[in-house]
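> Structure incoming, see below.
There are 2 protein chains.
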Amino acid sequence: MRILITAGGTSEKIDEVRSITNHSTGKLGSLIAASFLKHNVTIDYVTTAHALRPQSDNVTVYEIGDTQALADQLQKLLQQHTYDAVIHSMAVSDFTPEKSLSQEEFLTKINQFIENKQPITAADLTQLTEVTTRETKISSNTDQLFLILKKTPKVIQQIKQLQPNTILVGFKLLVDVEKEELLAVAQKSLMTNQADFVLANDLTSIHHGQHTGYLINKEGTITGEATNKEEIAQLIVKTLLNAL
Amino acid sequence: MRILITAGGTSEKIDEVRSITNHSTGKLGSLIAASFLKHNVTIDYVTTAHALRPQSDNVTVYEIGDTQALADQLQKLLQQHTYDAVIHSMAVSDFTPEKSLSQEEFLTKINQFIENKQPITAADLTQLTEVTTRETKISSNTDQLFLILKKTPKVIQQIKQLQPNTILVGFKLLVDVEKEELLAVAQKSLMTNQADFVLANDLTSIHHGQHTGYLINKEGTITGEATNKEEIAQLIVKTLLNAL
Numbered sequence: 056m057r058i059l060i061t062a063g064g065t066s067e068k069i070d071e072v073r074s075i076t077n078h079s080t081g082k083l084g085s086l087i088a089a090s091f092l093k094h095n096v097t098i099d100y101v102t103t104a105h106a107l108r109p110q111s112d113n114v115t116v117y118e119i120g121d122t123q124a125l126a127d128q129l130q131k132l133l134q135q136h137t138y139d140a141v142i143h144s145m146a147v148s149d150f151t152p153e154k155s156l157s158q159e160e161f162l163t164k165i166n167q168f169i170e171n172k173q174p175i176t177a178a179d180l181t182q183l184t185e186v187t188t189r190e191t192k193i194s195s196n197t198d199q200l201f202l203i204l205k206k207t208p209k210v211i212q213q214i215k216q217l218q219p220n221t222i223l224v225g226f227k228l229l230v231d232v233e234k235e236e237l238l239a240v241a242q243k244s245l246m247t248n249q250a251d252f253v254l255a256n257d258l259t260s261i262h263h264g265q266h267t268g269y270l271i272n273k274e275g276t277i278t279g280e281a282t283n284k285e286e287i288a289q290l291i292v293k294t295l296l297n298a299l
Numbered sequence: 056m057r058i059l060i061t062a063g064g065t066s067e068k069i070d071e072v073r074s075i076t077n078h079s080t081g082k083l084g085s086l087i088a089a090s091f092l093k094h095n096v097t098i099d100y101v102t103t104a105h106a107l108r109p110q111s112d113n114v115t116v117y118e119i120g121d122t123q124a125l126a127d128q129l130q131k132l133l134q135q136h137t138y139d140a141v142i143h144s145m146a147v148s149d150f151t152p153e154k155s156l157s158q159e160e161f162l163t164k165i166n167q168f169i170e171n172k173q174p175i176t177a178a179d180l181t182q183l184t185e186v187t188t189r190e191t192k193i194s195s196n197t198d199q200l201f202l203i204l205k206k207t208p209k210v211i212q213q214i215k216q217l218q219p220n221t222i223l224v225g226f227k228l229l230v231d232v233e234k235e236e237l238l239a240v241a242q243k244s245l246m247t248n249q250a251d252f253v254l255a256n257d258l259t260s261i262h263h264g265q266h267t268g269y270l271i272n273k274e275g276t277i278t279g280e281a282t283n284k285e286e287i288a289q290l291i292v293k294t295l296l297n298a299l
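Chains as they are written, first to last, in my numbering: chain B, 56 to 299; chain R, 56 to 299.
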């Protein structure tokens with residue numbers, strides 16, 4: 056049996072010295088790997104620099120930095136191997152920096168827009184990213200900095216495109232919402248990403264060793280509930296071993 | 056003899072799951088500490104989560120996250136102890152996220168401005184940060200994200216204010232500039248920050264174990280030059296021991 060796990064959090068470069076990073080200790084991913092390793096499973100493990108990682112001869116670790124590197128690495132692995140299941144627990148950046156403008160540059164450009172046409176539209180805003188500036192290291196010589204970010208491609212969506220028969224487990228983390236909203240948003244992401252299961256969790260329920268998680272299937276049914284990371288790992292592994 | 060060293064890189068929160076981080080392995084700071092430890096020095100060492108740190112009974116480590124926490128920690132230490140020298144090698148964020156706006160929110164607000172007055176001024180832009188949005192976790196449901204950042208306080212400037220008699224070593228990292236520009240900018244930062252020395256370096260000369268650094272004094276004279284991190288550490292420590 057061969058399993059692909061992603062864990063940790065991606066970083067998107069702003070310039071040569073700064074990045075936007077999604078927090079993730081990678082602990083849950085490494086616990087899922089540890090739980091699978093008890094069942095004679097071969098694991099490909101894609102992770103990031105500062106995340107915890109499992110140590111075993113049955114685990115091959117691939118380290119990536121940003122969302123594009125993750126997409127490339129997953130494509131490569133999904134073309135090389137057939138996976139019985141993919142557990143995509145990595146916290147992936149939704150946005151990547153496209154342009155940074157000083158307050159002065161931003162004002163100049165916006166006021167140029169206004170002279171030409173009003174109101175400003177979404178299409179105009181894309182032109183903001185075409186202002187020519189030197190991007191090696193943002194100068195601190197401005198009171199405000201305008202950072203324009205664009206959406207990253209949804210990496211999870213390429214998994215089922217490349218391997219329709221794998222069992223895909225996605226993750227949905229929200230912050231401080233009602234359980235009903237969490238479950239609804241998680242189920243929606245499951246449909247969008249063609250996942251088979253999604254682990255829904257809320258940041259406010261993650262503290263002091265506790266971590267509430269709901270495993271939801273395609274029908275929106277909660278197939279399991281866990282109260283800490285070890286239980287979440289076991290729940291996912293047990294569910295997948297039953298399904299396989 | 057008591058020395059204060061800062062090393063690593065600060066992180067500024069965007070929301071509950073994302074931060075902007077200044078890259079720094081903390082290696083240079085830990086080498087400076089190691090070099091000082093050969094001379095029976097007591098070290099207070101302020102650093103960040105993922106940075107390398109020296110291990111010794113003579114080193115007390117303080118971990119901080121963002122620029123404000125660094126400012127608070129330094130103020131506390133500078134009020135508690137008298138330092139013979141302060142080596143401020145931490146990569147500190149120049150900006151901290153103040154507000155994030157979806158493309159839709161940004162357009163609405165900008166077009167409201169235009170209706171009322173033209174051209175838009177810097178003062179108007181500060182109002183952008185007053186748009187009410189829920190900031191727990193930025194929704195990915197927008198094509199562009201506008202992140203508005205404001206300047207952080209210059210932490211290094213509080214050092215001489217609190218301890219005028221300490222010897223302060225600052226750092227200036229630029230990216231891909233001529234040596235003349237690097238030295239001029241570094242000397243300017245030395246004056247602004249009331250530093251006694253500044254270590255000027257360029258990211259493009261840091262690779263494969265090499266790291267070119269120039270130590271500059273108040274007169275703008277290069278008092279020493281180094282070609283790797285070990286040499287930079289020794290140069291700084293030797294210069295400070297001579298001066299003390």
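Beta carbons are placed, not taken as given, at the ideal position from N, Cα and C, and that holds for glycine. Treat the numbers as computed from the prediction; the structure is a model and nothing was measured.
#1: Determine the closest residue to B:G225 out of B:V96, B:K205, B:L83, B:E185, with distance taken between C-alpha atoms.
#2: Contact between the region 210-224 of chain B and the region 128-141 of chain B: three or more CB pairs below 8 Å?
#3: Does chain R have any CB closer than 8 Å to the CB of B:D121?
#4: Does the CB of B:S74 have a neighbour CB from chain R at under 8 Å?
#5: Would you say the region 195-205 of chain R touches the region 152-170 of chain R, given that touching needs at least three Cβ pairs under 8 Å?
#6: Output the boundary residues of the alpha helix (DSSP H) element that contains R:Q199.
#7: Nearest-angstrom Cα distance between R:H263 and R:Q123?
#8: Hey, quick one: how far does the beta strand (DSSP E) through B:L229 stretch, first residue to last?
#9: Restricting to Cα atoms, I'd like to know which of B:T282, B:H143, B:F150 is closest to R:T197.
#10: Closer than 7 Å between beta carbons: that is the criterion. Which residues of the region 158-171 of chain R meet it against chain D?
#11: Just checking my contact of R:L258 with B:V72 at CB under 8 Å: how many whole Å lie between their CB atoms?
#12: Once DSSP output is grouped into helix, strand and coil, what is the label at R:A177?
#13: Tell me whether the region 238-257 of chain B and the region 271-279 of chain B touch, counting them as touching only if at least three CB pairs, one residue from each stretch, are closer than 8 Å.
#14: In angstroms with no decimal places, state the Cα-to-Cα distance between B:S244 and R:P174.
#15: Could you give the C-beta distance for B:V147 and B:N256, rounded to a whole number, given that I count them as a contact under 8 Å?
#16: Whole angstroms is fine: what's the gap from R:Q289's alpha carbon to R:E236's?
#17: Could you pull the DSSP bridge partners for B:V55 from this structure?
#18: In or out: R:L183 buried (at least 16 other Cβ within 10 Å) or exposed?
#19: Following the continuous beta strand (DSSP E) through R:S144, name the residue where it begins and the one where it ends.
#20: Rank B:Q213, B:H266, B:T103 by C-alpha distance to the C-alpha of B:Q130 and give the top, closest one.
#21: Name the DSSP bridge partner or partners of B:E170?
#22: Between which two residues does the beta strand (DSSP E) holding R:E185 run?
#23: Could you tell me whether the Cβ of R:A241 comes closer than 8 Å to any Cβ of chain B?
#24: Spatial neighbours of R:M145 within its chain, please: CB distance less than 6 Å, with the 5 preceding and 5 following residues excluded, ordered by chain position.
#25: May I have the straight-line CA-CA distance separating B:F91 from B:K293, to the nearest angstrom?
#26: With a CB to CB cut of under 7 Å and the five nearest residues on each side skipped, what residues in its chain are close to B:T80?
#27: Unbroken beta strand (DSSP E) runs of length 3 or more, entirely within the region 99-158 of chain R: which are they?
#28: Give the DSSP-derived three-state secondary structure of R:G264 in the structure shown.
#29: Along the region 72-97 of chain R, where does the CB come closer than 9 Å to a CB of chain B? Name the residues.
#30: R:Y117 and R:P109: beta carbons closer than 8 Å?
#31: What would DSSP say about B:G84, mapped onto helix, strand or coil?
#32: Buried or exposed: where does R:D231 fall if 16 or more other Cβ atoms within 10 Å of its Cβ makes it buried?
#33: In this structure, does DSSP put B:A62 in helix, strand or coil?
#34: Per DSSP, which one or two residues make a beta bridge with R:E280?
Let's see:
#1: Of the listed residues, the one whose Cα sits closest to B:G225 is B:L83.
#2: yes
#3: no
#4: yes
#5: yes
#6: Per DSSP, R:Q199 belongs to no alpha helix (DSSP H); it is in the beta strand (DSSP E), 199-206.
#7: 33 Å
#8: 222-229
#9: With respect to the C-alpha of R:T197, the residue from B:T282, B:H143, B:F150 having the closest C-alpha is B:F150.
#10: As a matter of chain content, chain D is missing from the structure shown, whose protein chains are B and R.
#11: Rounded to whole angstroms, the Cβ separation of R:L258 and B:V72 is 7 Å, and the two are in contact under 8 Å.
#12: Correct three-state label for R:A177: helix.
#13: yes
#14: Rounded to whole angstroms, B:S244 to R:P174 spans 42 Å at the Cα level.
#15: Going by Cβ atoms, the distance from B:V147 to B:N256 rounds to 15 Å, so no, they are not a contact pair.
#16: If you draw a straight line from the Cα of R:Q289 to the Cα of R:E236, it comes to about 25 Å.
#17: Not covered by the structure: residue 55 of chain B. The range shown for chain B is 56 to 299.
#18: buried
#19: That residue, R:S144, is in no beta strand (DSSP E); it is neither H nor E in DSSP.
#20: B:Q213
#21: Paired residue(s): none; B:E170 is not in a bridge.
#22: First-last for R:E185: undefined, no H or E at that position.
#23: Output row for R:A241: interface = no.
#24: Counting only Cβ-Cβ distances below 6 Å, and skipping sequence neighbours, we find T61, A62, G63.
#25: 9 Å
#26: Within the same chain, B:T80 has close Cβ partners A106, L107.
#27: Whole beta strand (DSSP E) segments, 3+ residues: 114-118, 140-143, 150-157.
#28: coil
#29: V72, R73, S74, I75, T76, N77, H78, S79
#30: Not closer than 8 Å, so no.
#31: helix
#32: By the neighbour-count rule (16 or more Cβ atoms within 10 Å), R:D231 is not buried but exposed.
#33: coil
#34: R:E280 pairs with R:Y269.
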